[in-house]
Amino acid sequence: MDVLHRELLLDGVEVTAAVRPGSLSKANTLFADKAFMPEGLSSKLEVVGVDPESEFELSKAMDKSQSVVCALGASESEPFNVKGPYQVDGKLSQKLVLAAKETPSVKHFVLVTALGTGKFGWPASALNLFWGILSWKRKTEKALIDSGIPYTILRPGGMEKPGDDFEQTHNVRVASKDTLFGGVVSRLQVAKLAAAAVVAPDSSTNKVMEVVAEDLAPKKTYTELVDNARDDQPDETWKNKLSPDQYYVLRMGGTEPSFTSPLNKEKREGVFVCAGCGQELYDSSTKYNSGTGWPSFFAPVSEEAVRVVREGGLFPRREVRCSNCDGHLGHVFPDGPKPTGLRYCMNGVAMGFEPKEDMAEKETA
(Lines of atoms letter the chains of each structure in order from A; the text may use other names.)
(Lines give C-alpha, C1' and ligand atoms only; values in the text may rest on other atoms or scores of the structure.)
Protein backbone atom coordinates (compact mmCIF):
# COMPACT_ATOMS: atom_id res chain seq x y z
CA MET A 1 0.00 0.00 0.00
CA ASP A 2 2.25 2.78 -1.30
CA VAL A 3 -0.57 5.23 -0.62
CA LEU A 4 -0.08 4.50 3.09
CA HIS A 5 3.40 6.03 3.04
CA ARG A 6 2.00 9.16 1.44
CA GLU A 7 -0.80 9.51 4.00
CA LEU A 8 1.68 9.10 6.86
CA LEU A 9 3.84 11.84 5.38
CA LEU A 10 0.81 14.09 4.95
CA ASP A 11 0.12 13.60 8.67
CA GLY A 12 3.64 14.79 9.48
CA VAL A 13 5.18 11.39 10.22
CA GLU A 14 8.77 10.65 9.20
CA VAL A 15 8.64 7.41 7.24
CA THR A 16 11.01 4.57 6.46
CA ALA A 17 9.53 2.58 3.59
CA ALA A 18 10.90 -0.97 3.58
CA VAL A 19 10.62 -2.65 0.17
CA ARG A 20 12.12 -5.75 -1.37
CA PRO A 21 15.53 -5.00 -2.96
CA GLY A 22 14.15 -5.86 -6.39
CA SER A 23 11.40 -3.24 -5.99
CA LEU A 24 13.66 -0.43 -4.77
CA SER A 25 13.98 1.31 -8.14
CA LYS A 26 10.23 1.12 -8.81
CA ALA A 27 9.45 2.55 -5.36
CA ASN A 28 11.86 5.46 -5.79
CA THR A 29 10.31 6.29 -9.16
CA LEU A 30 6.79 6.27 -7.69
CA PHE A 31 7.70 8.45 -4.71
CA ALA A 32 9.44 10.93 -7.02
CA ASP A 33 6.29 11.26 -9.15
CA LYS A 34 4.73 14.63 -8.26
CA ALA A 35 1.35 13.39 -9.45
CA PHE A 36 1.47 10.84 -6.62
CA MET A 37 3.62 12.54 -3.99
CA PRO A 38 3.07 16.25 -3.26
CA GLU A 39 6.22 18.31 -3.54
CA GLY A 40 8.28 18.54 -0.37
CA LEU A 41 6.97 15.39 1.30
CA SER A 42 9.79 13.14 0.11
CA SER A 43 12.27 14.97 2.36
CA LYS A 44 10.82 13.03 5.31
CA LEU A 45 10.86 9.70 3.47
CA GLU A 46 13.62 7.10 3.40
CA VAL A 47 13.21 4.12 1.08
CA VAL A 48 15.32 1.09 1.99
CA GLY A 49 15.69 -2.32 0.41
CA VAL A 50 15.05 -5.10 2.91
CA ASP A 51 15.07 -8.87 2.64
CA PRO A 52 11.82 -9.77 4.47
CA GLU A 53 13.27 -13.18 5.31
CA SER A 54 16.03 -11.55 7.38
CA GLU A 55 15.07 -10.56 10.92
CA PHE A 56 18.39 -8.70 11.16
CA GLU A 57 17.60 -6.51 8.15
CA LEU A 58 14.06 -5.96 9.38
CA SER A 59 15.28 -4.88 12.82
CA LYS A 60 17.88 -2.61 11.23
CA ALA A 61 15.26 -0.95 9.02
CA MET A 62 12.94 -0.25 11.94
CA ASP A 63 15.70 0.85 14.32
CA LYS A 64 14.68 4.14 15.99
CA SER A 65 11.12 3.79 14.64
CA GLN A 66 8.35 4.16 17.19
CA SER A 67 5.61 2.58 15.08
CA VAL A 68 5.55 -0.24 12.54
CA VAL A 69 2.78 -0.71 9.98
CA CYS A 70 2.40 -4.10 8.29
CA ALA A 71 0.07 -4.29 5.29
CA LEU A 72 1.49 -7.44 3.71
CA GLY A 73 -0.87 -9.71 1.82
CA ALA A 74 -0.60 -12.54 -0.69
CA SER A 75 -1.18 -11.36 -4.25
CA GLU A 76 -4.67 -12.05 -5.56
CA SER A 77 -3.20 -12.02 -9.05
CA GLU A 78 -1.50 -15.32 -8.22
CA PRO A 79 -4.46 -17.50 -7.14
CA PHE A 80 -2.58 -20.72 -7.90
CA ASN A 81 0.39 -19.87 -5.69
CA VAL A 82 -0.31 -22.47 -3.01
CA LYS A 83 2.33 -21.11 -0.64
CA GLY A 84 1.41 -17.43 -1.08
CA PRO A 85 -0.82 -16.94 2.00
CA TYR A 86 1.47 -19.05 4.21
CA GLN A 87 4.57 -17.20 3.00
CA VAL A 88 3.22 -13.62 3.09
CA ASP A 89 0.23 -13.47 5.47
CA GLY A 90 1.83 -15.96 7.83
CA LYS A 91 5.59 -16.38 7.84
CA LEU A 92 6.79 -12.96 6.64
CA SER A 93 4.22 -10.99 8.62
CA GLN A 94 5.12 -12.90 11.78
CA LYS A 95 8.82 -12.26 11.15
CA LEU A 96 8.01 -8.56 11.11
CA VAL A 97 6.20 -8.90 14.46
CA LEU A 98 9.17 -10.76 15.95
CA ALA A 99 11.64 -8.17 14.66
CA ALA A 100 9.52 -5.36 16.12
CA LYS A 101 9.42 -7.14 19.48
CA GLU A 102 13.23 -7.27 19.51
CA THR A 103 13.59 -3.58 18.57
CA PRO A 104 13.53 -1.40 21.74
CA SER A 105 12.34 1.75 19.96
CA VAL A 106 9.12 0.16 18.65
CA LYS A 107 6.19 1.05 20.89
CA HIS A 108 3.25 0.45 18.54
CA PHE A 109 2.43 -2.04 15.76
CA VAL A 110 -0.39 -1.50 13.25
CA LEU A 111 -1.41 -4.67 11.40
CA VAL A 112 -3.74 -4.65 8.40
CA THR A 113 -5.44 -8.03 7.85
CA ALA A 114 -8.95 -8.58 6.43
CA LEU A 115 -12.61 -8.70 7.33
CA GLY A 116 -13.59 -12.18 8.43
CA THR A 117 -10.19 -13.01 9.93
CA GLY A 118 -11.73 -13.78 13.32
CA LYS A 119 -14.69 -15.73 11.98
CA PHE A 120 -15.20 -19.42 11.30
CA GLY A 121 -17.78 -20.95 9.00
CA TRP A 122 -19.66 -19.48 6.07
CA PRO A 123 -19.31 -16.90 4.51
CA ALA A 124 -15.85 -16.13 5.91
CA SER A 125 -14.67 -19.65 5.16
CA ALA A 126 -15.07 -18.95 1.43
CA LEU A 127 -11.95 -16.79 1.53
CA ASN A 128 -10.00 -19.66 3.01
CA LEU A 129 -10.37 -21.41 -0.33
CA PHE A 130 -7.49 -19.12 -1.28
CA TRP A 131 -5.05 -21.51 0.43
CA GLY A 132 -6.12 -20.76 3.99
CA ILE A 133 -5.44 -17.03 3.81
CA LEU A 134 -7.71 -16.11 6.74
CA SER A 135 -6.19 -18.83 8.91
CA TRP A 136 -2.71 -17.39 8.35
CA LYS A 137 -3.91 -13.85 8.99
CA ARG A 138 -5.56 -15.07 12.20
CA LYS A 139 -2.30 -16.66 13.37
CA THR A 140 -0.40 -13.44 12.69
CA GLU A 141 -2.97 -11.43 14.66
CA LYS A 142 -2.51 -13.83 17.58
CA ALA A 143 1.27 -13.58 17.31
CA LEU A 144 1.04 -9.80 17.52
CA ILE A 145 -1.34 -9.81 20.49
CA ASP A 146 0.81 -12.40 22.30
CA SER A 147 3.99 -10.40 21.61
CA GLY A 148 3.10 -7.77 24.18
CA ILE A 149 3.62 -4.90 21.72
CA PRO A 150 0.81 -2.30 21.94
CA TYR A 151 -1.19 -3.06 18.81
CA THR A 152 -3.85 -1.79 16.45
CA ILE A 153 -5.42 -4.34 14.09
CA LEU A 154 -7.40 -3.13 11.08
CA ARG A 155 -9.66 -5.61 9.28
CA PRO A 156 -10.83 -3.93 6.07
CA GLY A 157 -13.54 -5.22 3.78
CA GLY A 158 -12.88 -5.84 0.10
CA MET A 159 -10.50 -3.28 -1.39
CA GLU A 160 -10.28 -4.61 -4.95
CA LYS A 161 -12.95 -2.49 -6.64
CA PRO A 162 -13.38 0.87 -4.82
CA GLY A 163 -11.19 3.65 -6.21
CA ASP A 164 -9.88 6.73 -4.46
CA ASP A 165 -13.09 8.61 -5.29
CA PHE A 166 -15.12 6.10 -3.25
CA GLU A 167 -14.79 8.31 -0.17
CA GLN A 168 -16.79 11.02 -1.95
CA THR A 169 -19.96 8.92 -1.68
CA HIS A 170 -19.19 6.40 1.07
CA ASN A 171 -18.06 7.20 4.61
CA VAL A 172 -15.91 4.88 6.70
CA ARG A 173 -17.60 2.84 9.37
CA VAL A 174 -15.53 1.22 12.12
CA ALA A 175 -16.93 -1.68 14.14
CA SER A 176 -15.51 -3.87 16.88
CA LYS A 177 -14.04 -7.25 16.04
CA ASP A 178 -16.10 -10.14 14.70
CA THR A 179 -19.22 -8.05 14.10
CA LEU A 180 -19.23 -7.30 10.36
CA PHE A 181 -20.14 -9.92 7.78
CA GLY A 182 -19.19 -8.13 4.57
CA GLY A 183 -18.56 -4.81 2.88
CA VAL A 184 -16.03 -2.86 0.85
CA VAL A 185 -13.70 0.08 1.44
CA SER A 186 -11.05 1.82 -0.63
CA ARG A 187 -7.32 1.42 -0.08
CA LEU A 188 -7.08 5.18 0.37
CA GLN A 189 -9.60 5.10 3.22
CA VAL A 190 -7.76 2.26 4.95
CA ALA A 191 -4.45 4.11 4.52
CA LYS A 192 -5.90 7.25 6.10
CA LEU A 193 -7.27 5.25 9.03
CA ALA A 194 -3.93 3.48 9.55
CA ALA A 195 -2.13 6.84 9.47
CA ALA A 196 -4.55 8.22 12.07
CA ALA A 197 -3.81 5.21 14.28
CA VAL A 198 -0.07 5.84 14.02
CA VAL A 199 -0.43 9.54 14.85
CA ALA A 200 -2.55 8.83 17.95
CA PRO A 201 -1.15 5.67 19.59
CA ASP A 202 -2.63 6.51 22.99
CA SER A 203 -6.18 6.24 21.62
CA SER A 204 -5.60 3.52 19.02
CA THR A 205 -3.67 0.82 20.87
CA ASN A 206 -5.15 -2.53 21.84
CA LYS A 207 -8.04 -2.12 19.44
CA VAL A 208 -9.29 -4.40 16.66
CA MET A 209 -11.24 -2.37 14.10
CA GLU A 210 -13.34 -3.84 11.33
CA VAL A 211 -13.51 -1.33 8.50
CA VAL A 212 -16.00 -0.80 5.68
CA ALA A 213 -17.37 2.24 3.84
CA GLU A 214 -21.12 2.79 3.47
CA ASP A 215 -23.35 5.43 1.95
CA LEU A 216 -25.44 5.51 5.14
CA ALA A 217 -22.52 5.87 7.56
CA PRO A 218 -22.18 9.29 9.23
CA LYS A 219 -19.22 11.37 8.11
CA LYS A 220 -16.45 11.44 10.73
CA THR A 221 -12.79 12.38 10.67
CA TYR A 222 -10.32 9.52 10.79
CA THR A 223 -9.15 10.76 14.18
CA GLU A 224 -12.73 10.52 15.47
CA LEU A 225 -13.07 7.00 14.09
CA VAL A 226 -9.92 5.91 15.93
CA ASP A 227 -10.90 7.68 19.15
CA ASN A 228 -14.41 6.21 19.17
CA ALA A 229 -13.34 2.64 18.42
CA ARG A 230 -13.81 0.35 21.39
CA ASP A 231 -10.94 -1.37 23.13
CA ASP A 232 -10.47 -5.00 22.18
CA GLN A 233 -12.79 -7.06 24.38
CA PRO A 234 -12.00 -10.78 24.27
CA ASP A 235 -14.76 -12.97 22.92
CA GLU A 236 -14.65 -14.96 26.16
CA THR A 237 -15.73 -11.82 28.01
CA TRP A 238 -18.92 -11.65 25.96
CA LYS A 239 -19.55 -15.38 26.40
CA ASN A 240 -19.21 -15.03 30.17
CA LYS A 241 -21.37 -11.91 30.30
CA LEU A 242 -24.23 -12.99 28.03
CA SER A 243 -26.56 -15.97 28.00
CA PRO A 244 -26.13 -18.37 25.05
CA ASP A 245 -29.23 -16.92 23.36
CA GLN A 246 -28.05 -13.34 23.92
CA TYR A 247 -24.61 -14.17 22.56
CA TYR A 248 -26.12 -15.83 19.49
CA VAL A 249 -28.13 -12.72 18.63
CA LEU A 250 -25.94 -9.85 19.83
CA ARG A 251 -22.50 -11.12 18.85
CA MET A 252 -23.25 -13.59 16.04
CA GLY A 253 -26.08 -11.74 14.32
CA GLY A 254 -28.67 -14.44 14.92
CA THR A 255 -32.46 -14.15 15.14
CA GLU A 256 -34.66 -15.44 17.96
CA PRO A 257 -37.84 -17.39 17.09
CA SER A 258 -40.90 -15.16 16.72
CA PHE A 259 -43.46 -14.93 19.54
CA THR A 260 -40.94 -16.14 22.15
CA SER A 261 -39.89 -12.89 23.83
CA PRO A 262 -41.61 -11.78 27.07
CA LEU A 263 -41.00 -8.21 25.91
CA ASN A 264 -43.77 -8.66 23.33
CA LYS A 265 -46.27 -8.33 26.19
CA GLU A 266 -44.41 -5.57 28.08
CA LYS A 267 -46.84 -2.64 28.40
CA ARG A 268 -45.39 -0.64 31.31
CA GLU A 269 -43.85 2.79 30.89
CA GLY A 270 -40.08 2.69 30.71
CA VAL A 271 -37.09 2.24 28.46
CA PHE A 272 -35.80 -0.75 26.51
CA VAL A 273 -32.01 -1.07 26.84
CA CYS A 274 -29.26 -3.07 25.14
CA ALA A 275 -28.69 -6.40 26.91
CA GLY A 276 -25.00 -6.18 26.04
CA CYS A 277 -24.08 -2.78 27.45
CA GLY A 278 -27.18 -1.20 29.00
CA GLN A 279 -27.48 1.66 26.51
CA GLU A 280 -30.99 3.10 26.21
CA LEU A 281 -32.53 2.15 22.87
CA TYR A 282 -36.31 2.65 22.75
CA ASP A 283 -38.88 4.44 24.88
CA SER A 284 -42.03 2.46 25.64
CA SER A 285 -44.13 5.20 24.02
CA THR A 286 -42.77 4.17 20.60
CA LYS A 287 -43.59 0.46 21.00
CA TYR A 288 -46.54 -1.00 19.10
CA ASN A 289 -47.96 -4.40 18.17
CA SER A 290 -46.76 -5.15 14.65
CA GLY A 291 -48.18 -8.68 14.63
CA THR A 292 -44.79 -10.08 13.58
CA GLY A 293 -43.95 -11.76 16.88
CA TRP A 294 -40.97 -9.52 17.66
CA PRO A 295 -40.94 -6.35 19.81
CA SER A 296 -41.44 -3.45 17.39
CA PHE A 297 -40.93 0.30 17.65
CA PHE A 298 -41.42 3.23 15.29
CA ALA A 299 -38.37 5.21 16.51
CA PRO A 300 -35.30 4.87 18.80
CA VAL A 301 -34.80 7.21 21.77
CA SER A 302 -32.36 9.21 19.61
CA GLU A 303 -30.60 8.93 16.26
CA GLU A 304 -27.36 8.26 18.14
CA ALA A 305 -28.75 5.28 20.08
CA VAL A 306 -28.62 2.81 17.20
CA ARG A 307 -26.64 2.35 14.01
CA VAL A 308 -28.33 1.33 10.78
CA VAL A 309 -26.29 -0.74 8.34
CA ARG A 310 -27.24 -1.68 4.79
CA GLU A 311 -26.80 -5.44 4.31
CA GLY A 312 -25.86 -7.03 1.00
CA GLY A 313 -27.14 -10.24 -0.50
CA LEU A 314 -30.00 -11.27 -2.75
CA PHE A 315 -32.59 -9.57 -0.51
CA PRO A 316 -30.80 -6.58 1.07
CA ARG A 317 -32.09 -5.33 4.41
CA ARG A 318 -31.14 -2.61 6.89
CA GLU A 319 -29.63 -4.05 10.03
CA VAL A 320 -29.93 -2.24 13.38
CA ARG A 321 -27.02 -2.38 15.83
CA CYS A 322 -26.36 -0.83 19.23
CA SER A 323 -24.18 2.23 18.63
CA ASN A 324 -22.26 1.65 21.85
CA CYS A 325 -21.29 -2.05 21.90
CA ASP A 326 -22.13 -2.77 18.24
CA GLY A 327 -24.39 -5.65 19.19
CA HIS A 328 -26.89 -6.90 16.59
CA LEU A 329 -30.44 -5.91 17.57
CA GLY A 330 -32.61 -6.61 14.52
CA HIS A 331 -33.71 -4.82 11.34
CA VAL A 332 -35.70 -1.76 10.30
CA PHE A 333 -38.41 -1.85 7.62
CA PRO A 334 -40.39 0.92 5.85
CA ASP A 335 -43.82 -0.44 6.83
CA GLY A 336 -44.32 1.08 10.28
CA PRO A 337 -46.95 3.48 11.64
CA LYS A 338 -46.89 7.26 11.70
CA PRO A 339 -45.11 9.52 12.39
CA THR A 340 -41.97 7.78 11.03
CA GLY A 341 -43.42 5.04 8.84
CA LEU A 342 -40.66 2.76 10.14
CA ARG A 343 -40.76 -0.58 11.94
CA TYR A 344 -37.74 -1.32 14.10
CA CYS A 345 -38.15 -5.08 14.43
CA MET A 346 -36.02 -6.11 17.41
CA ASN A 347 -34.92 -9.36 18.99
CA GLY A 348 -36.30 -9.30 22.51
CA VAL A 349 -33.38 -11.34 23.86
CA ALA A 350 -31.03 -8.54 22.75
CA MET A 351 -32.75 -6.08 25.07
CA GLY A 352 -33.68 -5.51 28.67
CA PHE A 353 -36.46 -3.34 30.11
CA GLU A 354 -36.21 -0.69 32.81
CA PRO A 355 -39.62 0.33 34.22
CA LYS A 356 -40.19 4.04 34.78
CA GLU A 357 -40.56 3.57 38.54
CA ASP A 358 -37.19 1.81 38.78
CA MET A 359 -35.55 4.60 36.82
CA ALA A 360 -37.05 7.16 39.19
CA GLU A 361 -35.65 5.27 42.19
CA LYS A 362 -32.17 5.29 40.62
CA GLU A 363 -32.35 9.06 40.08
CA THR A 364 -33.29 9.72 43.72
CA ALA A 365 -30.86 7.19 45.21
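So for the sequence shown, the UniProt record's numbering puts the first residue at 1; every next one is plus one.
Yeah, the Cβ is synthetic: ideal placement off N, Cα and C, and Gly gets one too.
Of the choices the options, whose alpha-carbon is the least far from that of residue i?
{"i": "VAL69", "options": "LEU41, ALA99 and SER42", "result": "ALA99"}
{"i": "SER105", "options": "VAL332, THR223, LYS64 and LEU188", "result": "LYS64"}
{"i": "PHE297", "options": "HIS331, GLY327 and GLU311", "result": "HIS331"}
{"i": "THR117", "options": "GLU39, PHE181, LYS219 and PRO162", "result": "PHE181"}
{"i": "ARG230", "options": "VAL198, GLY291, CYS325 and GLY163", "result": "CYS325"}
{"i": "GLU55", "options": "GLN87, LEU96, GLU46 and LYS34", "result": "LEU96"}
{"i": "LYS287", "options": "SER43, TYR344 and SER261", "result": "TYR344"}
{"i": "residue 375", "options": "HIS5, GLU167 and GLY293", "result": "It is not possible to answer for residue 375, since the shown part of the chain is limited to 1 through 365."}
{"i": "THR169", "options": "VAL212, GLU303 and PRO337", "result": "VAL212"}
{"i": "ALA114", "options": "SER147, SER186, THR292 and THR103", "result": "SER186"}
{"i": "PRO38", "options": "VAL3, LEU24 and GLY49", "result": "VAL3"}
Check whether the Cβ atoms of residue i and residue j sit closer than 9 Å, and answer yes or no.
{"i": "VAL271", "j": "VAL190", "result": "no"}
{"i": "MET62", "j": "ALA27", "result": "no"}
{"i": "residue 370", "j": "GLY157", "result": "In the structure as shown, the chain begins at 1 and stops at 365. Residue 370 is therefore absent and cannot be evaluated."}
{"i": "LEU250", "j": "MET346", "result": "no"}
{"i": "PRO85", "j": "TRP136", "result": "yes"}
{"i": "ALA197", "j": "VAL226", "result": "yes"}
{"i": "GLU214", "j": "GLY163", "result": "no"}
{"i": "GLU269", "j": "LYS207", "result": "no"}
Hey, could you find the ends of the alpha helix (DSSP H) residue i is sitting in?
{"i": "PRO295", "result": "Neither: PRO295 is in no alpha helix (DSSP H) and is coded neither H nor E."}
{"i": "PRO38", "result": "No alpha helix (DSSP H) holds PRO38; DSSP gives it neither H nor E."}
{"i": "ILE145", "result": "133-147"}
{"i": "ALA99", "result": "93-101"}
{"i": "VAL3", "result": "2-10"}
{"i": "VAL184", "result": "Counting along the chain, VAL184 falls outside any alpha helix (DSSP H), and DSSP gives it neither H nor E."}
{"i": "VAL226", "result": "222-228"}
{"i": "VAL306", "result": "Run containing VAL306: none in the alpha helix (DSSP H); it sits in the beta strand (DSSP E), 306-310."}
{"i": "SER59", "result": "55-62"}
Give me the DSSP bridge partner(s) of residue i.
{"i": "PRO85", "result": "Per DSSP, none; premise fails for PRO85."}
{"i": "GLY49", "result": "VAL19"}
{"i": "ARG343", "result": "PHE333"}
{"i": "THR152", "result": "VAL110 and LYS207"}
{"i": "SER176", "result": "MET209"}
{"i": "LYS287", "result": "PHE297"}
Can you have a look at residue i and say buried or exposed, based on whether 16 or more other CB atoms are within 10 angstroms of its CB?
{"i": "GLN66", "result": "exposed"}
{"i": "SER290", "result": "buried"}
{"i": "ASP178", "result": "buried"}
{"i": "PHE31", "result": "buried"}
Taking residue i as part of the beta strand (DSSP E), name the residues at either end of that continuous run.
{"i": "MET351", "result": "351-355"}
{"i": "THR29", "result": "Careful: THR29 lies outside any beta strand (DSSP E), inside the alpha helix (DSSP H) at 24-32."}
{"i": "GLU319", "result": "318-322"}
{"i": "ASP283", "result": "280-283"}
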